[in-house]
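Read through the structure below, which is laid out as structure tokens, and then see the notes.
In our numbering, the protein residues as written are 60 to 184.
Printed below as a string of structure tokens:
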């Protein structure tokens, strides 16, 4: 399995399935490496990449290791979900997508900078 859900979920996944053959793609930050090491993940099972790197390294790993499935979160275009879906289709492997949790209703919703500035000015002066 190839986990593409990010480092925050890594400890939970590794704890639930400690003996599973899971590779984890994480971003190249010291804090990410520390989280993975503290969770007990072998360094050899980490794919450390730049935030803006595409899925080329993932595709090579899929081929080399014969991955049978991928796990990701619902992340939209910015999280490369479209590229992950293309890889799953290309190599005919299941892609499990964890849906975003529903957000509770809020009194105020801010969707742009102008609205945020007005809110902060009204709230804090």
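For every residue, glycine included, the Cβ atom is placed at its ideal position computed from N, Cα and C.
Given the structure is predicted, the values throughout are model-derived calculations rather than measurements.
Under the three-state DSSP convention, the category residue i falls into
| i | result |
| --- | --- |
| residue 126 | coil |
| residue 100 | coil |
| residue 106 | strand |
| residue 141 | helix |
| residue 165 | coil |
| residue 90 | helix |
| residue 68 | coil |
| residue 78 | coil |
| residue 171 | coil |
| residue 176 | helix |
Best match in the options for proximity to residue i [C-alpha to C-alpha]
| i | options | result |
| --- | --- | --- |
| residue 134 | 171, 156, 72 | 156 |
| residue 103 | 85, 115, 181, 76 | 85 |
| residue 92 | 66, 113, 114, 129 | 66 |
| residue 146 | 162, 129, 160 | 129 |
For residue i: DSSP bridge partner residues
| i | result |
| --- | --- |
| residue 62 | 83, 130 |
| residue 156 | 131 |
Through-space distance from residue j to residue i, alpha-carbon basis
| i | j | result |
| --- | --- | --- |
| residue 131 | residue 63 | 5 Å |
| residue 69 | residue 151 | 25 Å |
| residue 75 | residue 153 | 20 Å |
| residue 82 | residue 60 | 6 Å |
| residue 174 | residue 181 | 11 Å |
| residue 87 | residue 94 | 12 Å |
| residue 176 | residue 141 | 33 Å |
| residue 90 | residue 159 | 24 Å |
| residue 79 | residue 178 | 48 Å |
| residue 172 | residue 183 | 16 Å |
| residue 77 | residue 164 | 37 Å |
* Just checking, does the segment 101-111 make contact with the segment 123-130 on the three C-beta pairs under 8 Å criterion? -> no
* **Segment contact, 8 Å Cβ cut-off, at least three pairs: the segment 163-180 with the segment 94-102** => no
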